[in-house]
Amino acid sequence: MATTIPFQARSVGCGIRNSILRYRNPTAVRCFTFSRHSRFDTQSQPTPRANDQVAQLAASRRHPLTLADLLKHGRPPLSKDALLASANFTLSLLPARLASRIEALRNLPFIVVANPHVSKIYGNYVHSLSTLLPWQKRQVTNLEEENQFAEVLADLVHTHANTIPILARGFLECRRYIDPAEVTRFLDTHLRARIGTRLIAEQHLALHFASLPVGDGMSGSQEPKESRKNTIPSNYIGVIDTALQPARIVRTCEEFVGEICELKYGVRPRLEIDGQPDASFAHVPVHVEYILTELLKNAFRAVIESGNEREPIEVTIAAAPDVPSRQTHEPVTRPVEAQGTQSHSDVGFHVDTVVGTADANESIKFSTPSSQSITLRIRDRGGGISPEVLPQVWSYSFTTFSDLDMGEGGSSIDALNTISNNSGQLSSIAGLGYGLPLSRAYAEYFGGSIAVQSLWGWGTDVYLTLNGMHNPAAEFVRRSGQSSAVHSEIWPIDCFVITLLSTSRSSWPALIYPLSPPFNTIAGHLILCALTGPRYSISIAMYTAPSIEVYTASFAFFEALWEAGVTHCFVNLGSDHPSILEAMVKGQKEKPDEFPKIVTCPNEMVALSMADGYARLTGKPQCVIVHVDVGTQGLGAAVHNASCGRAPVLIFAGLSPFTLEGEMRGSRTEYIHWIQDVPDQKQIVSQYCRYSADIRTGKNIKQMVHRALQFATSDPKGPVYLVGAREVMEEEIQPYRVNPHAAIGVAPSALPSEGVELIASELAAAKEPLVIVGYSGREARGVKELVTLADTFKGVRVLDTGGSDMCFPGDHPASLGMRYGLHDAIKTADLILVADCDVPWIPTQCRPSESAKIIHVDVDPLKQQMPVFYIPAIATFRAESATAFKQVNEYVSSNERLKQVVNSEGNTTKGKIREEEFRKARRAITALAVTPPGGDEAALNAPYLISQIRKGCPIDTLWAIESVTLTPIVSDQIAATIPNSWINCGGGGLGWSGGGALGMKLATDVEHGGSNKGKFVCQIVGDGTYLFSVPGSVYWIARRYNIPVLTIVLNNKGWNAPRKSMLLVHPHGDGSRATNEDLNISFAPTPDYPGIAKAASGGHIWAGTAATVAELGKLLPEAIQSVLNGTGAVLEAQLDGRTGKYVANS
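Numbering of the sequence shown is given in the UniProt record's numbering, commencing with residue 1 and proceeding in unit increments.
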């Protein structure tokens, strides 16, 4: 056997490797050769086609596995008949299960199956099936055949020993080619099936070896001879220990994990066991050993890395009292498996109390005590799991260790194999991220569970419940009160019904305590501690409530958001949101990959600014949830900004309940519900919104959400506002779906043909054509088409008077940069095309000549949100600028007359003149940014500062700009060239950029696959605007959700914008001679701006202040590197010296 089996494994594996690339070809002959076991002579069989026999086996009905199946053959050593019965039972289960796994692997995408690791697993399964098929058509009838069959099983177990680490490597390498949800579905099914397959094989092998030696002539009725007795403990039946004590395994795993900690960290935490350390039950020890190793290594690592290794890890063990089991014949599987159409009885385990025994040899005797289930709580003080990580701990391949931590070949992630084989291969305390999901698979396979409760900043409790053999007991537990001893069992139930008896009264009213995990495992202990005494007795009835699927309007609300493409909800929650909170928990638990991500925002303006920045960068609508009227008012200037900036955002706010006396679920329950009841809450923001409405019933809530989103995403885009009272959002409805296309915005409008012809002709005829834009760069294709237009008509110049988006590349010769409605080109142009711009010029400061022709193209040419607006245009068109530019370009390229103009010498000459003027302007801008005179100690000025920031940041940096009066200087020095790389506050509500920058960074990270994997984001903000942005909230959010951004605070000691406005109206008034202190616009002495951020983030941020050239040269690279490394940074740039500004004590 030692030479035969490895040879066969190699030969079959080679055959599979050679054919793996063609089995998915439907026209190819998909076949393989099944080899026969060398020691078993059977009739010759035709070589079956994989497409036929494997598929047939996979489709066959598979026998559901029960504990009774594993135990029914009795305690070893077995009689001959019992051993043969075990072999045949094993043979009846395995082929179909292996075939099912082969079919599942075939159904993976071709590029995944072609991966050498996944291909190897496929080959292993085909090999194992090929060794079993010769046995399938017959029974194992004698001990010699049983011995040969055991060799086949040994080969099977050996072949699949490393399935998990090999699969992990394969899926890790293929992660770019397969959806994570598909990986989860496959692995959930595959790993559970593997548990069952190995358990079936190992159970018979254990019975086989425990029954040796076996004589050839033993008859079926003959009992085992005395010489056959072995050293296997009497409480073992195969691989099942009927008197397993978890406390002993905890100590074994503690020793193993402790040694790893000492090797890696040089320290070993303490572990204390309390509760019921002597509790025992029936279970598979190697499974328990694997689960506890995974849980303990996480706990050990957490306390060490948080510096709390002196705090003991506490393991509390409690046995549930024996109560009538829930009789079921449904496999305990996770919901995801139920979605498929194929039967998966090989991935779940049935609890069955019927033991089919034929004689005394097969009876099962329990050790005393034996328990139906045991719960272990593993508590550590390791700082807890961060909220952004907690939802991912059950995801396959999620690990907090880096590739460097895992080493060259990665860790041995199958701790079960590691421990059982004593291989000592666990090179690191971390793995490839399969530890917790696989632990849960082992626990749930037998009807158990693992629950994690974590308090961020403190520690984590893990509740492991393992179900054992059932031991019927009374339906009620009655405990006499003659002693004040405490009953300390942990009972996993749904509610207590308690009747308290005393000597003076027959009974007190029953008290019903509904419970929810994890508290349903500890409440029994707490209640009995409180009530048990010498004068009382307690009658406790324990009930397990049926699972009830609750589908509320709130849950439908979140479903509607997800179906419409909303990926994030930025929330500030209150007393109007009970059903919203319930729906969040339900959605994150049941549909983690199909539910909007929740981002907690302590301030409403920051919440809306984050949604604004996210939506502005991606074009995808996002959601903000706030609290009644006060939360709506808390949105403040952010609503104005979203409206002017045309950000597609849905705002939802609750309403105070409209019922007072409990008429409906959600009725008023708190004092504040009267105070926050206002006549018409929508009127607070409706003038800024494209749509506002009440949700009046849950039955059409999805239609309401989709209608609102259609407004938000149709030009002119902008915020929408929905409100819903508590009673409405609590309404239970039938689950339903609607067509999500109803949420898609109306397609952008285009120019009429006469408009196209007019614009093209006027551009061709103009001597000084000027295009003025404001937000045309919102669509990247708008930038591309405008560049094409400027390359075609070489006299065209482009001026950005809005600065809200990168509308035209700063390095193009046609670029005049960004100026707020003031430029000489406006005065001299003979043709002005105004495209998607709110303020093309300021008539009192700068206006076109009387002879200039003006054409206006805009998605909102009437500016319906502005009571006063007027452009003296010869033609006005409602059209999206990107579409309009494209139409003009296509028209010009197809018109012979216009092509002659484009190719003329005059057009070429205009291009040369334009390029020379551009170079002259850029030289002047560069000259402003030279190093200030005075050397290293020279004070900073704005042009030099911004030029250094531009040079230091990555070339594809995303710029979140809110520098107010300094914005033209910032624009000149940044000279953005990449579409969507520059986003400025769309309106005049100061404070946008704090949340806006976080939203942009979150969006780019999501699009690129995870935290800090997206583009670099730099926020440049004035000092007054920085204070408006609510930095206390901004940097708390940045820390909690790991959103690293570089913030540059331009400290010019106050608000300069009010002074500028005053001088425009009263250039020679008294205020023109007053100081900023006299005008009450000075911030001297200025705050410690980086210190504010550092305090808000709990110190988890880089903070610094630069006032000189030398300080900037030292600190700016540090700040940039900090952000690149994943930690945000705030650099205060003190312009024009330190006078009146905060200076830290040395």
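Heads up, the beta-carbon is just placed ideally off N, CA and C, and yes, glycines get one too.
Just so you know, these numbers come straight off a predicted model, no measurement behind them.
* Go through the segment 912-998 residue by residue and report every complete run of the alpha helix (DSSP H) that reaches 4 residues or more, in order. => Correct list: 942-952 and 967-974.
Which residues bound the beta strand (DSSP E) around Pro-769? Taken as a continuous stretch (DSSP letters only), the beta strand (DSSP E) holding Pro-769 covers 769-773.
request  = Kindly identify the DSSP beta-bridge partner or partners of His-568.
outcome  = In DSSP, His-568 forms a bridge with Lys-597.
Check for me: the alpha helix (DSSP H) holding His-283 runs from which residue to which?
Element bounds for His-283: not the alpha helix (DSSP H) but the beta strand (DSSP E), 281-283.
Pair within 7 angstroms by beta-carbon distance, Ala-975 and Trp-982: No.
**Prompt:** What whole-angstrom Cβ distance do Val-1034 and Gly-995 have, given they're in contact under 8 angstroms?
**Reply:** Contact between Val-1034 and Gly-995 holds: their C-beta atoms lie close to 6 angstroms from each other, under 8 angstroms.
- Is Arg-75 helix, strand or coil by DSSP? Coil at Arg-75, not helix or strand.
With 16 other CB atoms within 10 Å as the buried threshold, where does Tyr-688 fall?
-> Classification of Tyr-688: buried, given that the 10 Å Cβ count is 16 or more.
request  = Return the first residue and the last residue of the alpha helix (DSSP H) that Gln-136 is part of.
outcome  = Gln-136 -> alpha helix (DSSP H) spans 116-136.
- At least 3 beta-carbon pairs within less than 8 angstroms: the segment 1036-1056 vs the segment 991-1010: Flag = yes, the segment 1036-1056 and the segment 991-1010 touch.
Next item on the list: Select from Ser-753, Tyr-736, Ala-765 and Leu-709 the residue whose C-alpha is nearest the C-alpha of Val-746.
Entry: The shortest C-alpha to C-alpha distance from Val-746 to any of Ser-753, Tyr-736, Ala-765 and Leu-709 is the one to Leu-709.
ask   = Under the DSSP definition of a beta bridge, which residues are partnered with residue 1167?
value = Nothing about residue 1167 can be read from this structure; the chain reaches only from 1 to 1146.
field: Cutoff 7 angstroms; reference Ala-1119; Cβ partners in own chain excluding five residues on either side
entry: Hits under 7 angstroms: Leu-1046, Trp-1102, Gly-1104, Ala-1129 and Leu-1131.
Check your understanding: Helix, strand or coil for Val-1130 per DSSP?
Key -> Three-state result, Val-1130: strand.
query: Of the choices Glu-305, Arg-248, Cys-837 and Gly-266, whose alpha-carbon is the least far from that of Val-293?
result: Note on residue identity: the sequence assigns Thr, not Val, to residue 293. The option with the nearest alpha carbon to Thr-293 is Arg-248.
Determine which residues share a DSSP beta bridge with Tyr-463 and list them. Arg-377 and Ala-451.
(Q) On the DSSP bridge list, what partners appear for Gln-1019? (A) Gln-1019 is bridged to Ala-960 and Thr-1047.
TODO: Label Ser-373 either buried or exposed according to how many other C-beta atoms from any shown protein chain fall within 10 Å of its C-beta, with 16 as the threshold for buried.
DONE: Buried, because 16 or more other Cβ atoms sit within 10 Å of the Cβ of Ser-373.
For Val-723 and Asp-694, which I take to be in contact (beta-carbon distance under 8 angstroms), what is that distance rounded to the nearest angstrom? Their Cβ separation, rounded to whole angstroms, is 6 angstroms, which keeps Val-723 and Asp-694 in contact under 8 angstroms.
(Q) Just verifying my parser: in three-state terms, what is the DSSP assignment at Trp-674? (A) DSSP places Trp-674 in helix when its eight states are reduced to three.
Practice item. Could you say which of Glu-582, Leu-898, Ala-607 and Ser-1082 lies nearest to Lys-1053 if we only look at CA atoms? Key: Answer by Cα proximity: Ser-1082.
message: Between Ala-1096, Val-284, Gly-382 and Asn-1145, which has its C-alpha nearest Glu-305's C-alpha?
response: Nearest to Glu-305 by C-alpha distance, out of Ala-1096, Val-284, Gly-382 and Asn-1145, is Gly-382.
Next item on the list: Name the residue from Val-1006, Leu-153 and Gln-845 whose alpha carbon lies nearest to the alpha carbon of Lys-620.
Entry: Answer by Cα proximity: Val-1006.
query = Rounded C-beta distance between Leu-816 and Arg-797? I'm assuming under 8 angstroms.
reply = Leu-816 to Arg-797, Cβ: 5 angstroms. Contact.
Name the one or two DSSP bridge partners that Val-857 has.
-> DSSP, once it has assigned bridges, lists Ala-835 and Phe-877 as partnering Val-857.
**Q.** CB contact below 7 angstroms: Gln-734 versus chain D
**A.** Here there is only one protein chain, and chain D is not present.
Nearest to Asp-811 by CA position, among Glu-915, Pro-648, Val-902 and His-160, is which residue? Nearest neighbour of Asp-811 by Cα position, chosen from Glu-915, Pro-648, Val-902 and His-160, turns out to be Glu-915.
**Study point:** Three-state secondary structure assigned by DSSP to Phe-652
**Key:** Assigned with DSSP and collapsed to three states, Phe-652 falls in strand.
task = For the alpha helix (DSSP H) containing Asp-188, list its first residue and its last residue.
result = Per DSSP, Asp-188 belongs to the alpha helix (DSSP H) from 180-210.
inquiry  = DSSP three-state label for Ser-851, please.
reply    = If DSSP states are grouped into helix, strand and coil, Ser-851 belongs with coil.
Practice problem: Please state if the CB of Trp-562 and the CB of Pro-592 are separated by a distance shorter than 7 angstroms. | Solution: The beta carbons of Pro-592 and Trp-562 sit no closer together than 7 angstroms.
Check your understanding: Thinking C-alpha only, which one of Val-930, Ala-87 and Pro-752 is nearest Leu-945?
Key -> The shortest C-alpha separation from Leu-945 is found at Val-930.
Among Ala-742, Leu-655, Asp-680 and Val-773, which residue has its Cα nearest to the Cα of Met-729?
Checking every option, the nearest Cα to that of Met-729 belongs to Leu-655.
* **Buried or exposed by the 16-neighbour rule on C-beta atoms within 10 Å, applied to Gln-622** => Here Gln-622 is buried: its Cβ has 16 or more other Cβ atoms, across all protein chains shown, within 10 Å.
*My guess is that Leu-608 and Val-649 are in contact by the Cβ rule of under 8 angstroms, so how many angstroms apart are they, rounded?*
Leu-608 to Val-649, Cβ: 7 angstroms. Contact.
My assumption, with CB atoms under 8 angstroms, is that Gln-864 sits in contact with Leu-1112. Please give the rounded CB distance. By a beta-carbon distance limit of 8 angstroms, Gln-864 does not contact Leu-1112. Their separation comes to about 46 angstroms.
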